[in-house]
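First up is the structure itself, then whatever we jot down about it.
There are 4 protein chains.
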Amino acid sequence: MAYATEKLREEKVFKDPVHRYVHVRDRVIWDLIGTKEFQRLRRIKQLGTTFLTFHGAEHSRLNHSLGVYEIVRRIVDDVFIGRSEWNESNRLLSLCAALLHDLGHGPFSHSFEKVFHLDHEQFSQQIILGNTEVNQVLSAVHPNFPKQVAEVIAKTSDEKLVVSLISSQIDADRMDYLLRDAYFTGVSYGHFDMERILRVMRPREDQVVIKKSGMHAVEDYIMSRYQMYWQVYFHPVTRSGEVVLTKILHRAKELYEQFYQFKYEPRHFYSMFKNELTLQDYLNLDEAVVLYYFQVWQEEDDPILRDLCRRFMDRHLFKYVEFDPAKEYRKFIDLSALFKKAGIDPEYYLVLDSSSDLPYDFYRPGEEEERLPIQLLMPNGEIRELSRESEIVEAISGKRRTDHKLYFPADILYDETSKKNIKRQIRQLLGIR
Amino acid sequence: MAYATEKLREEKVFKDPVHRYVHVRDRVIWDLIGTKEFQRLRRIKQLGTTFLTFHGAEHSRLNHSLGVYEIVRRIVDDVFIGRSEWNESNRLLSLCAALLHDLGHGPFSHSFEKVFHLDHEQFSQQIILGNTEVNQVLSAVHPNFPKQVAEVIAKTSDEKLVVSLISSQIDADRMDYLLRDAYFTGVSYGHFDMERILRVMRPREDQVVIKKSGMHAVEDYIMSRYQMYWQVYFHPVTRSGEVVLTKILHRAKELYEQFYQFKYEPRHFYSMFKNELTLQDYLNLDEAVVLYYFQVWQEEDDPILRDLCRRFMDRHLFKYVEFDPAKEYRKFIDLSALFKKAGIDPEYYLVLDSSSDLPYDFYRPGEEEERLPIQLLMPNGEIRELSRESEIVEAISGKRRTDHKLYFPADILYDETSKKNIKRQIRQLLGIR
Amino acid sequence: MAYATEKLREEKVFKDPVHRYVHVRDRVIWDLIGTKEFQRLRRIKQLGTTFLTFHGAEHSRLNHSLGVYEIVRRIVDDVFIGRSEWNESNRLLSLCAALLHDLGHGPFSHSFEKVFHLDHEQFSQQIILGNTEVNQVLSAVHPNFPKQVAEVIAKTSDEKLVVSLISSQIDADRMDYLLRDAYFTGVSYGHFDMERILRVMRPREDQVVIKKSGMHAVEDYIMSRYQMYWQVYFHPVTRSGEVVLTKILHRAKELYEQFYQFKYEPRHFYSMFKNELTLQDYLNLDEAVVLYYFQVWQEEDDPILRDLCRRFMDRHLFKYVEFDPAKEYRKFIDLSALFKKAGIDPEYYLVLDSSSDLPYDFYRPGEEEERLPIQLLMPNGEIRELSRESEIVEAISGKRRTDHKLYFPADILYDETSKKNIKRQIRQLLGIR
Amino acid sequence: MAYATEKLREEKVFKDPVHRYVHVRDRVIWDLIGTKEFQRLRRIKQLGTTFLTFHGAEHSRLNHSLGVYEIVRRIVDDVFIGRSEWNESNRLLSLCAALLHDLGHGPFSHSFEKVFHLDHEQFSQQIILGNTEVNQVLSAVHPNFPKQVAEVIAKTSDEKLVVSLISSQIDADRMDYLLRDAYFTGVSYGHFDMERILRVMRPREDQVVIKKSGMHAVEDYIMSRYQMYWQVYFHPVTRSGEVVLTKILHRAKELYEQFYQFKYEPRHFYSMFKNELTLQDYLNLDEAVVLYYFQVWQEEDDPILRDLCRRFMDRHLFKYVEFDPAKEYRKFIDLSALFKKAGIDPEYYLVLDSSSDLPYDFYRPGEEEERLPIQLLMPNGEIRELSRESEIVEAISGKRRTDHKLYFPADILYDETSKKNIKRQIRQLLGIR
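Chains as they are written, first to last, in my numbering: chain A, 900 to 1332; chain B, 900 to 1332; chain C, 900 to 1332; chain D, 900 to 1332.
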């Protein structure tokens, strides 16, 4: 089919601070980038509320999506090409899946998904298969092509090698976001020798494998990932931003359900409140729209909604203390009671937040969120799982680390113009002066 | 006065990708950063529509403002301190002016200022002197302090040395934006040895001067600036984004004046349309709000507003050709006539845009936008204007470069389903196939 | 004492690719840099034979020594200054010890020390305490000052905090060489956020401690060190260069002991051969001198010396196979016998080389080469050893990793013009085709 | 011919700090790198005495040669391949010429060439065409191949396009050394977007041309070159090192001609002193050998040779003042006379040194050292010389800049234990206190 192989008359390049240049020669890729659904990713930040902690982290998901595409392009065009284990006819499928893998993300995904029970992976499927410009482009390749792309993104495709390029424990997605998020935040973690890793990737029937000689670069990548999770992604201030944001959404929904009269009607939210969200509604929702509402809601009559919106907009976030929910359950109950007595609704102002990550894991069938382990290609042709070769990786393999924090508005608790004694009790329980 | 000199118990640092860390030890600075007027700068991009060309350029003015503050902090705390020509009591004034110098910027400043005859410098003054959180913080230093800061930013202050730190041909503002914009776009121009320049800066009564030994670093800085202007700031695609954006604003205003019934009322715009903009109205206006309207206006009945908004949101911008307004004036008239015949309103769809810059200039009294020339401090203590010492700078000094382009929607002109012959005539005149 | 506190009229700076600038304001430091013993470090490579593997690794020990000085300068002048636990009178002692800590290194230290039973630490002592320009400068500070500096470098000083700046598991020496060696080799390992680590260092009576908030940067540093050891310092090709070099020295010594008549008399080596090395002899020995002899020895009559020198100069090094000395002892005996039968002296051409490293260790009293463990300063003021807080470090703590390789001249073994069958047997035993 | 196209079973890579990796797939290239004549370049510094100013500049010519090869490899394999104007059969010729272009350089080329009237370009020819390992490898490609390579390096080849890759005003040689020297010295000048320039290079019959769209990157490159010349290559301290070195060579030659009895006979220098230098003598001469002699000569009886060698080894170089030879000729005569009166031989201790450079030039036929101007490929296919399009380049084009300095041993002049009055007169004339 001509369209699938059509090349642009002249290669297009995007200047990219992470990969230097993103190269586009395929007409299909160029057309996909031009769709309104892809351009919408410009209005969704890659790292949600992280910009409140790291002011450089203002980059969008479009930014990242182009990067993932470029990495996969280099793998298939510079490394896999001509190797017998690589099916060249999967090239375009790989590129499209890479470019579109985050297409279903909405604004501040994490919070919206939690409050409204959304799933960005399902929206990715809908956008690719539904009545969209993206679908039109993909269908022009082949009527069955949208489905193929969607299956790769959903990890249900039979093309397991292609799936592993996008979703495994060492895929283009992770490599791009680690490098990109490190670049934009400015942290020095997150760097590893991607060029080296790409050079030692080899196609195998079921997944990408890594030549043994590149093992140390992979170790470095895993350590980078570990550091990025705890230094950046789970940063307590970022999580505070998310806690406040989540509570705004909760409050707005609750008010809606209580027939509260909004001064500024949340028209863009209604279908979500009613659980009747259409694809078009979802596509209309971007971070500009959300921030618009947060701004106007600063003038609402409801004191909680108003306060939380102001906190988010002006970065007057919640403070936190370490908290062990297993051992300190009783304390939480007591604090809730005291908050109520002090006239501070604990539902919105006393929030336990937990973060948890596995730096690397070998395969554990049946577990949730299972990702393919990293396989090494030994000099003798054998395949061995990474943690059996690397002492460093073996040492940290499967060790889940979890962190719990209790968030609250310290400013209110320190304001002794009212409920002075109760607030002192609260502060004592929280262990803050 | 205690507050002016109060230090934080522990220094706060922001991770910054350009300067590595931004250090805050002064209570006043910390409080200013926490004001809502300063936090608002998070919702205004430093480079307006540049992100449409360089996808990395999504950084905000808050990002840049912290950077300018940090540069001035290093100058006064690491270089000027203890020198007899430096009045240590101007330290806080310098830091505050650096931090707040861009406070008055609104969304997509360039376009808004043009269409609505606004002036961000005036808004900076209003925010600093008006009823704002920023004013409260500054007033707590000294009742006269807001005025002093405002005068430095307005360049009317008698503290000419302080003014020159923020506004001259080699000031902290320019140094930060060149480095920062190069970093976020990923271009390799824009780098110069700022650390070296800072080390050779010396305070003099009227302005900062540069030790002769640092002249080459300054040459490099001027060349960087030149390259950034033509490679990034005046990039024709960026300007296309600006052209479309400007036309959206024009159209909305025109519709309002014609009593058009908006489906989505532009409440945030009314006072601007009416020329009755208050400070509060202005502060409520950020890029999230603007993008919200652009999104909902995609559903308006007016075909021009709808079309232009879609173009902006989906990055279907105008194409361009080189155009010499002096020589080709006649052609412009003819094209306008043909556009009308083709049913394409030339007012909105045929736009001449010009960019112009002086890479460096020695002092020319009386000219508009005059900036202080760069003065070198010679080994013998004499002061000499840069272009008299540097052959490179002398060669380019005062050479204004201007670029004119004519913008139009190529897709419409290629669509031959209607007005085929007229469109062919237009394309021929434009010199596009 | 005036000289100890004398400042240069104008600060001197060296452009340094790793720390950007090395700053010198103290007259004593400036004078030390100008001594012939310090300048000699220009003619000794920091990484010995590593340039044979990584062609960028041509940097000298002077390069590194300036770097260590600069790091300590930043610690004491930017971080420790003014803290009650820091004795400002130890400032110059710290700077001098940092600058001079590697002063006793000779050419290709590792090999020379092994063959001639030298000890660079003893030479450091002799240079500082003996009749040298360095001693003159230090004595001018105070007659007892050379002894104080020497004790810090020997780790016998009572100023344990100062010692820990130069020799602990996170000292200025290690931080500089990791960053510097990564920079010059071009590998992407070896980077960590030194600026962050410096900022969280705190003086305590016995040693430097690290604020808990910097723990992740320290983890990153430890992983960098691990990677640099296995990727760069223990690279098998580098070790091959060292094996050949060591064997040249062995051979020259043996020939001398056998009254061999050298065409080019090794005058610079005689006192070493005789175990009568004086300080002056040692100082005259640099890598230029060693390479001079290696060059002229390419023309010697002795075939082994000649061959080994050519190999080193032209980079025709030995190849290697993995080898387990514990399990394969018998094989080594057999190979030696076969080498003899083939007319290849196994003493020089069959070499077992082992490398071993501990990535990090908590304190184990009585063990050789014990270095201070890293101590964290907890928010509550308590001190805790790193591996008790960091799961990553705990996982790798105390895990010694060792690598054994067997080196041999593959070219000779493949040359079948003589002893064809024996060579085939050898190759079979070695497991090379 | 099989050898010319033979590929290695597995690509070899060298880690390179400037280009990240140097890739070798051709057997011929691999064999050339392994020759003793190429390996000798490890013992010759790329920047001569620059390491005395910038301590990082210790990198060798081998380092640079690999870089030039890699750039040409990328041009021919990534950019030229498949273009009709490119003759693929010139590929290997280009790669070999790039790798070997500096083969004839000796130790501290500049000084040796001046004193002994040598010419490194002639030695390049001799090494390639003479009885060497390099010649053997090249001859195995084709008996005429060494001559072809030699002609490209000598710029006498008819393959003008290939010549222009190695020697023009924007060739692989210049691009590599600017980037590399900037990297190793650590200066921030010298950076430009090489990747961009490579992408817009196009083959034409007579030379490489640059697409107009890359003009700004080329401007940046020219400015980088300008800055590197004046900031690094012509640095007055570097030139001081060269002045001292040149005078050592002069003195040694003079002593030889006066039948002086050297304690340490300069065997490696004899044939040079006698003007009977053979190729083998030249190849035996590297910087280790030169430094060996300088070290032993520190013990010679001749006070001038001894003193100069100590100055060079211990970096006690000459100081300098600005000097205009045209206007101040009389002063030079007077100074010489005073030096003699003070017992300081002006022949060795009063040295005028001039540096001069053209940042860029359009073509001026008949001028010495003429290099091809840079040609732009315009969108319409026309070719235009760079300075006709670029205002910046036009402004500096053909502007030669020259700098004269007078060097002398300040320490002797300040030593007032003898000839106090004459020395004062000298210092007064020199304008130093």
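Idealized CB from N, CA, C, for every residue including glycine.
Give me the chain B residues within the contact set of Asn962 (chain A), using Cβ-Cβ distance strictly less than 8 Å, ordered along the chain. The residue you call residue 962 (chain A) lines up with position 63 of the first sequence. For Asn962 (chain A), the neighbours in chain B by C-beta distance under 8 Å run, in chain order, His954, Gly955 and Glu957.
According to DSSP, which residues form a beta bridge with Val923 (chain D)? Looking up residue 923 (chain D) in the fourth sequence gives position 24. As a beta-bridge residue in DSSP terms, Val923 (chain D) pairs with D:Lys911.
Drop a sphere of 10 angstroms on the beta-carbon of Ile980 (chain C), count the other beta-carbons inside from all chains shown, and report buried for 16 or more, exposed for fewer. Position 81 of the third sequence, counted from the first residue, corresponds to residue 980 (chain C). Residue environment: Ile980 (chain C) is assigned as exposed (fewer than 16 neighbouring CB atoms within 10 Å of its CB, all protein chains considered).
Hey, is Gln1194 (chain C)'s beta-carbon within less than 9 Å of any beta-carbon in chain D? Here the question's residue 1194 (chain C) lines up with position 295 in the third sequence. Yes, because at least one Cβ of chain D sits closer than 9 Å to the Cβ of Gln1194 (chain C).
Interface flag, His1215 (chain C) vs chain D, CB-CB below 9 Å: Taking the third sequence and counting its residues from 1, the one referred to as residue 1215 (chain C) is at position 316. His1215 (chain C) counts as touching chain D.
Buried or exposed: Tyr1228 (chain D), going by 16 or more other Cβ atoms within 10 Å of its Cβ? Taking the fourth sequence and counting its residues from 1, one reaches residue 1228 (chain D) at position 329. So Tyr1228 (chain D) ends up on the exposed side.
If the cut-off is 8 Å on Cβ atoms, which residues from the region 1067-1087 of chain A count as contacting chain B, listed in chain order? Going along the region 1067-1087 of chain A in chain order, one finds Tyr1082, Phe1083, Thr1084, Gly1085 and Val1086 with a Cβ nearer than 8 Å to chain B.
For Tyr1132 (chain D) and Ile1069 (chain D), which I take to be in contact (beta-carbon distance under 8 Å), what is that distance rounded to the nearest angstrom? By one-based count along the fourth sequence, residue 1132 (chain D) stands at place 233. By one-based count along the fourth sequence, residue 1069 (chain D) stands at place 170. Not quite, the Cβ-Cβ distance comes to about 18 Å (not below 8 Å), so this is no contact.
Within-9 Å CB hit, Pro916 (chain A) to chain B: Taking the first sequence and counting its residues from 1, the one referred to as residue 916 (chain A) is at position 17. Judged by the 9 Å Cβ criterion, Pro916 (chain A) is in contact with chain B.
Please list the segments of the alpha helix (DSSP H) lying wholly inside the region 1219-1283 of chain C, counting only runs of 4 or more residues, in order along the chain. Counting only runs that start and end inside the region 1219-1283 of chain C, the alpha helix (DSSP H) elements of at least 4 residues fall at 1228-1240 and 1245-1248.
For Leu907 (chain C), count neighbouring C-beta atoms within 10 Å of its own C-beta (all shown protein chains included) and say buried if the count is 16 or more, exposed if not. By 1-based counting over the third sequence, the position of residue 907 (chain C) is 8. Classified as exposed, Leu907 (chain C) has fewer than 16 neighbouring CB atoms from the shown chains inside 10 Å of its CB.
Could you tell me the alpha carbon to alpha carbon distance between Tyr1155 (chain D) and Pro1202 (chain D), rounded to whole angstroms? Locating residue 1155 (chain D) in the fourth sequence gives position 256, where the first residue counts as 1. Locating residue 1202 (chain D) in the fourth sequence gives position 303, where the first residue counts as 1. If I take the Cα positions, the gap works out to 15 Å.
Along the chain, which unbroken stretches of the alpha helix (DSSP H) at least 4 residues long are found entirely within the region 1166-1223 of chain D? As far as the region 1166-1223 of chain D is concerned, its whole alpha helix (DSSP H) runs of at least 4 residues are 1166-1172, 1178-1183, 1186-1196 and 1202-1213.
Range covered by the beta strand (DSSP E) that runs through His1009 (chain D): As a position in the fourth sequence, residue 1009 (chain D) is number 110, starting the count at 1. Here His1009 (chain D) belongs to no beta strand (DSSP E); instead the alpha helix (DSSP H) covers Ser1008 to Phe1015.
Taking the straight line between their C-alpha atoms, what separation do you get for Val1040 (chain C) and Ala903 (chain C)? Counting from one through the third sequence, the residue named residue 1040 (chain C) turns up at place 141. Counting from one through the third sequence, the residue named residue 903 (chain C) turns up at place 4. Rounded to whole angstroms, the gap between the alpha carbons of Val1040 (chain C) and Ala903 (chain C) is 5 Å.
If you drop the 5 nearest sequence neighbours on each side, which residues of the same chain put their C-beta closer than 8 Å to that of Arg1270 (chain B)? Residue numbering aside, residue 1270 (chain B) sits at position 371 when the second sequence is read from its first letter. Excluding sequence neighbours, Arg1270 (chain B) sits near Ser1066, Ser1067, Gln1068 and Asp1260.
Can you pull the chain B residues whose beta carbon is under 7 Å from the beta carbon of Met1356 (chain D), in chain order? In this structure chain D extends from 900 to 1332, so residue 1356 (chain D) is not present and cannot be described.
8 Å Cβ shell around Glu1267 (chain A) - same chain, five flanking residues per side excluded: Counting from one through the first sequence, the residue named residue 1267 (chain A) turns up at place 368. Any reading at Glu1267 (chain A) needs caution, since the residue's pLDDT is 49, under 50, leaving its predicted position unreliable; the model's value is listed next. Annotation for Glu1267 (chain A): no residue places its beta carbon closer than 8 Å to its own, counting only its chain and skipping 5 residues before and after.
According to DSSP, residues forming a beta bridge with Arg1101 (chain A): On the first sequence, position 202 is the one that residue 1101 (chain A) refers to. Under DSSP, Arg1101 (chain A) takes part in a beta bridge, and its partners are A:Val1108.
C-alpha distance - Ser848 (chain A) paired with Thr1055 (chain A), whole-angstrom precision: Examination of residue 848 (chain A) is not possible in this model, given that chain A is present from 900 through 1332 alone.
Say whether chain D places a C-beta atom closer than 9 Å to the C-beta of Glu1267 (chain A). Taking the first sequence and counting its residues from 1, one reaches residue 1267 (chain A) at position 368. With a pLDDT of 49 at Glu1267 (chain A), under the threshold of 50, the modelled position of this residue cannot be trusted, and the question is left open.
9 Å Cβ cutoff met for Val934 (chain D) and Thr1031 (chain D): Here the question's residue 934 (chain D) lines up with position 35 in the fourth sequence. Here the question's residue 1031 (chain D) lines up with position 132 in the fourth sequence. Position check: residue 934 (chain D) holds Thr in this sequence, whereas Val was assumed. For Thr934 (chain D) and Thr1031 (chain D), yes; Cβs fall inside 9 Å.
Taking 9 Å as the threshold (beta carbon to beta carbon), is Tyr920 (chain C) in contact with chain B? In the third sequence, the residue the question calls residue 920 (chain C) occupies position 21. Yes, because at least one Cβ of chain B sits closer than 9 Å to the Cβ of Tyr920 (chain C).
The beta strand (DSSP E) with Phe1307 (chain B) in it runs from where to where? For the purposes of this step, residue 1307 (chain B) is identified with residue 408 of the second sequence, where counting begins at 1. Taken as a continuous stretch (DSSP letters only), the beta strand (DSSP E) holding Phe1307 (chain B) covers Arg1300 to Phe1307.
Between the region 1190-1198 of chain C and the region 1207-1216 of chain C, can you find at least three pairs of beta-carbon atoms closer than 8 Å? Taking a contact to require three or more Cβ pairs closer than 8 Å, the region 1207-1216 of chain C and the region 1190-1198 of chain C qualify as touching.
Comparing alpha-carbon positions, which option in D:Ala1116, D:Ser1112, D:Gln1035 and D:Leu1204 lies nearest Arg1150 (chain D)? Within the fourth sequence, the letter at position 251 stands for residue 1150 (chain D). Nearest of D:Ala1116, D:Ser1112, D:Gln1035 and D:Leu1204 to Arg1150 (chain D), Cα basis: D:Leu1204.
Considering only C-alpha positions, which residue in the set C:His918, C:Thr949 and C:Asp977 is nearest to Phe913 (chain D)? If you number the fourth sequence from 1, residue 913 (chain D) lands on position 14. Taking only the C-alpha atoms, the option nearest Phe913 (chain D) is C:Thr949.
For Pro1308 (chain B) and Asp1244 (chain B), what's the separation of their Cα atoms in angstroms? Counted from its first residue, the second sequence places residue 1308 (chain B) at position 409. Counted from its first residue, the second sequence places residue 1244 (chain B) at position 345. Cα to Cα, the separation comes out at about 11 Å.
By alpha-carbon positions, which one of B:His1004, B:Arg942, B:Ile928 and B:Ser983 ends up nearest to Val971 (chain B)? Indexing the second sequence from 1 puts residue 971 (chain B) at position 72. Cα-wise, what sits closest to Val971 (chain B) is B:Ile928.
Shorter than 9 Å from the beta carbon of Phe913 (chain B) to some beta carbon of chain A? Position 14 of the second sequence, counted from the first residue, corresponds to residue 913 (chain B). Yes, because at least one Cβ of chain A sits closer than 9 Å to the Cβ of Phe913 (chain B).
Closer than 8 Å by beta-carbon distance: list the chain A residues that pair up with Ile1295 (chain C), in chain order. As a working mapping, residue 1295 (chain C) is identified with position 396 in the third sequence. Under the 8 Å cutoff, chain A gives Glu1290, Ile1291 and Ala1294.
Select from C:Lys1239, C:Ser1010 and C:Val1048 the residue whose C-alpha is nearest the C-alpha of Gln1024 (chain C). Indexing the third sequence from 1 puts residue 1024 (chain C) at position 125. In terms of Cα proximity to Gln1024 (chain C), the closest of C:Lys1239, C:Ser1010 and C:Val1048 is C:Val1048.
Cβ closer than 9 Å: which chain D residues qualify as neighbours of Glu1094 (chain A)? For the purposes of this step, residue 1094 (chain A) is identified with residue 195 of the first sequence, where counting begins at 1. Under the 9 Å cutoff, chain D gives Arg919 and Tyr920.
Out of C:Leu1182, C:Tyr1191 and C:Val1143, which one is the CA nearest neighbour of Glu1186 (chain D)? Stepping through the fourth sequence from its first residue, residue 1186 (chain D) is reached at position 287. Per the Cα distances, C:Tyr1191.
Measure the alpha-carbon distance for Arg848 (chain C) versus Asp1302 (chain B) and round it to whole angstroms. In this structure chain C extends from 900 to 1332, so residue 848 (chain C) is not present and cannot be described.
Exposure of Ala996 (chain A), with buried meaning 16 or more beta-carbon neighbours within 10 Å: Counting from one through the first sequence, the residue named residue 996 (chain A) turns up at place 97. Label assigned to Ala996 (chain A): buried.
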